[in-house]
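Residue numbers (full-length UniProt numbering): 1 to 102.
Virtual Cβ for every residue (Gly too), placed ideally from N, Cα, C.
So, in structure tokens, the structure goes:
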């Protein structure tokens, strides 16, 4: 999950806050609305189902020890940073997953 790596890199650089521009309403809702309830409910949704992407969300929650502000940007709508991130994500998806040490 790219957001986890962004938080780790920012923390390692000594910054004390982060703004993440992201095209995923789902990710924003997960961290800003739902994660605290899921943690209290044993990682179950309101319908009793297991939360999808639990491991990634737990990791994001554990590394987010600095304030992180999430800002929604529409995907594929000409935002240069978003388009570059999408290009790098597609390129990186072709390679095996490797642990990144910061």
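The beta carbon of residue 81 sits closer than 8 angstroms to the beta carbons of 21 and 73 from its chain, once the five residues preceding and following it are set aside; these are given in chain order.
When 86, 53 and 84 are compared, the shortest CA-CA separation from residue 26 is found for 53. Residue pairing by DSSP puts residue 50 in a beta bridge opposite 44. Under the three-state reduction of DSSP, residue 21 is assigned to strand.
Beyond the five residues adjoining it in sequence on each side, residue 79 comes within less than 6 angstroms, by CB distance, of 73 in the same chain, given in chain order.
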